[in-house]
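Chemist: Numbering of the sequence shown is given in this note's numbering, commencing with residue 218 and proceeding in unit increments.
Would you mind keeping the following structure in view while I ask a few things?
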Amino acid sequence: FLSAQPLPEFISAGMSVKAKLVAALLILLTIASAYGLLNIFPDPKGSMILLVCTGLCGLLTYIVWSQFDRDGETLRLDQSGINHKWYGNIPWSQIVGISMLTTTTRGMTIHTLFLGIMDRQKYLTNMPWLMRKLQGLSGSADSKMSLQIPLHLLNVDANLIEKMALKHRALHQPPMLAGWHYFM
218 FLSAQPLPEF ISAGMSVKAK LVAALLILLT IASAYGLLNI FPDPKGSMIL
268 LVCTGLCGLL TYIVWSQFDR DGETLRLDQS GINHKWYGNI PWSQIVGISM
318 LTTTTRGMTI HTLFLGIMDR QKYLTNMPWL MRKLQGLSGS ADSKMSLQIP
368 LHLLNVDANL IEKMALKHRA LHQPPMLAGW HYFM
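Here it is in structure tokens:
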């Protein structure tokens, strides 16, 4: 279906309605567990469980919310490059490889776009502090030159984003590395 349609000149992707509902639900769960923690009787076991629930819900809320931009644009692809809320503007000439990882688990498909960047540190400094730390602790298999862009929370099809990225990158010099993969 996507291959039959011409690709647009640019893509402006924001958070999907589903992702915003998940964020709202996580905020409510965080508030409810914090309220319960503050109003529980002196029960150490119950307090500890609510403390852990509050912390986990708060962390998940932060992770989802850190990808949401107030103007509605989390990711933009155009002729000049890729602009992502976490990394800022990345010119096409700085990208040496593009690879998509698609994982299906428990009926949910997760798409992650990996960009091979020569000067990765330059773009990581724009990323929220906690997200930088979580990415470093994850022990992920990505190379020391790739940036991860989660696409499953966006309101634009992940395959369309990948096709647009490959199309626009092919128009710029120097050419991408042949066979680049995020494991490299």
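Glycine included, each C-beta is placed from N, C-alpha and C at the ideal position.
Would DSSP call R323 helix, strand or coil?
Modeler: Three-state result, R323: coil.
Chemist: Indicate whether I378 and L294 have their beta-carbon atoms separated by less than 8 Å.
Modeler: Cβ distance < 8 Å, so I378 and L294 count as in contact.
Chemist: With 16 as the cutoff for other CB atoms within 10 Å, does Y252 come out buried or exposed?
Modeler: The residue is exposed, with fewer than 16 neighbouring Cβ atoms inside 10 Å.
Chemist: Straight-line CA distance for H389 to Q296?
Modeler: Between H389 and Q296, the C-alpha separation is close to 9 Å.
Chemist: Please classify L245 as buried or exposed, where buried requires at least 16 neighbouring CB atoms within 10 angstroms.
Modeler: L245 comes out exposed.
Chemist: Taking 8 Å as the threshold (beta carbon to beta carbon), is M393 in contact with chain D?
Modeler: In summary, chain D is missing from the structure at hand, where a single protein chain is found.
Chemist: What does DSSP give as the partner residues of R293 in its beta bridges?
Modeler: The partner list for R293 (beta bridge, DSSP) reads S229, N300.
Chemist: When DSSP builds the beta bridges, which residues end up paired with L377?
Modeler: Looking at the DSSP assignment, L377 forms no beta bridge with any residue, so it has no partner.
Chemist: Under 8 Å, do P367 and S283 count as touching if we go by C-beta distance?
Modeler: No, these two residues do not count as a Cβ contact at 8 Å.
Chemist: For M335, count neighbouring Cβ atoms within 10 angstroms of its own Cβ and tell me buried if that reaches 16, exposed if not.
Modeler: Exposed: under 16 other Cβ atoms inside 10 Å.
Chemist: Rounded to whole angstroms, what is the Cα-Cα separation between D359 and N256?
Modeler: Note that D359 scores a pLDDT of 48, beneath 50, so its modelled location is shaky and nothing firm can be said.
Chemist: Hey, could you find the ends of the alpha helix (DSSP H) P261 is sitting in?
Modeler: Counting along the chain, the alpha helix (DSSP H) containing P261 begins and ends at 261 to 282.
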